[in-house]
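Structure first, commentary second.
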Amino acid sequence: MLDEGTRAGAAGRDGDRREGGRRDGGRRDMRACAEVRHLLSRVAAAVGSGVPTAAVVPHVRGCDHCRAFVDELARVSCWLDALVPGPIRPPGEDQHGGARRALVEQLAARLARDLAAWARRDRARPLEQRRRDRARLRLLLVAEGLEARLPDRAGELVEGCDEVGAATPPFELLGLARELDPAGVDVALPYIQQLVRRGDVGRADREAERVLRWLG
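Printed below as a string of structure tokens:
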């Protein structure tokens with residue numbers, strides 16, 4: 158989650174409004190904003206990225222929209238930490254950047270990688286971490302009205318032991334992982350390979366086209 162230093166550093170104003178995220182006379186650099194928000198949501202979901210959080214501070218200081226996103230992300234993160242039961246609606250209307258939706262994507266991606274690890278016959282993350290992420294994801298999905306986003310079968314698997322996951326056919330695991338993280342190339346490619354091995358070349362081609370469209 159976002160610690161106080163990260164939040165204060167990113168949201169702080171020191172009078173030196175740098176250009177981060179702004180170009181051409183104050184217009185926003187949408188690509189830079191998207192990259193910064195992606196990094197911050199990964200930090201909030203405890204995914205990590207290898208990029209120091211301090212690297213985004215200059216951008217956030219110079220971008221009102223991303224600074225508001227940091228504030229909203231911190232509030233939603235605090236709400237998730239408490240795992241408050243109903244009414245399941247976090248504070249605020251999240252008008253400045255989709256913090257809840259960003260966390261949904263990152264938490265779903267984490268669970269997708271657990272399924273993909275089993276498909277490779279590797280070990281997934283510890284059960285306690287998987288259960289916590291599933292609980293956080295379910296709260297966010299209910300808040301967004303997207304309860305169906307987490308397939309029941311995927312939920313059963315990520316809350317089970319490694320032996321159960323490893324005994325599940327790779328094709329099923331990768332299909333569920335793809336539902337959780339449709340933009341994950343590292344999930345999509347082995348899923349496409351499984352389709353080819355099963356002789357479903359037409360479906361594999363359609364899946365490849367879908368991934369390319371998603372990536373833009």
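Reminder that position 174 of the sequence shown reads as 331 in the numbering used here, one-by-one numbering, no gaps. All C-beta atoms, glycine included, are put in the ideal place defined by N, C-alpha and C. This structure is a prediction, so every number in the text was calculated from the model and none was measured.
* To do: Could you name the residues of the same chain whose beta carbon sits closer than 7 Å to that of A361, not counting the 5 residues immediately before and after it, in chain order?
  => I349, L352 and V353
* With distances taken Cα to Cα, identify the nearest neighbour of R224 among A202, D338 and A191. => A191
* **Coil, strand or helix - P308 by DSSP** => coil
* Where G255 and L303 are concerned, what is the direct C-alpha to C-alpha distance, given to the nearest angstrom? -> 14 Å
* Asked: So what's A324 in DSSP terms, helix, strand or just coil?
  -> Three-state result, A324: coil.
* If you pair each beta-carbon of the region 329 to 338 with each one of the region 278 to 292, do three or more pairs fall below 8 Å? -> no
* **N- and C-terminal bounds of the alpha helix (DSSP H) containing R291** => L284 to E301
* **Nearest to L237 (by Cα), restricted to the options V315, W275, V299 and V193** => V299
* **Option in R257, R287, A273 and R188 with minimal Cα separation from G341** => A273
* Asked: Taking just the CA atoms, how far does V261 sit from G322?
  -> Cα-Cα distance, rounded: 23 Å.
* Run of the alpha helix (DSSP H) containing P339, from where it starts to where it stops -> It is not in any alpha helix (DSSP H) - P339 carries neither H nor E in the DSSP assignment.
* C-beta atoms of D271 and V315 nearer than 8 Å -> V315 sits close to D271, with the two beta carbons spaced by under 8 Å.
* Asked: Is it true that the CB of A311 sits closer than 8 Å to the CB of L268?
  -> yes
* With DSSP as the reference, label G279 as helix, strand or coil. => The identity of residue 279 in the sequence shown is Asp, whereas the question assumes Gly. Three-state DSSP puts D279 in coil, outside helix and strand.
* Starting from the C-beta of A324, find all residues in its chain whose C-beta is less than 8 Å away, skip the five residues before and the five after it, and write them out in chain order. => none
* Do L264 and D290 come within 8 Å of each other at the CB atom, strictly closer than that value? -> Result yes, Cβ atoms of D290 and L264 sit closer than 8 Å.
* To do: Using only alpha-carbon positions, find the residue among L297, P347 and R287 that is nearest to C318.
  => Of the residues L297, P347 and R287, the one whose Cα lies closest to the Cα of C318 is R287.
* Should D338 and A266 be called a contact, given that it needs their Cβ atoms to be closer than 8 Å? -> yes
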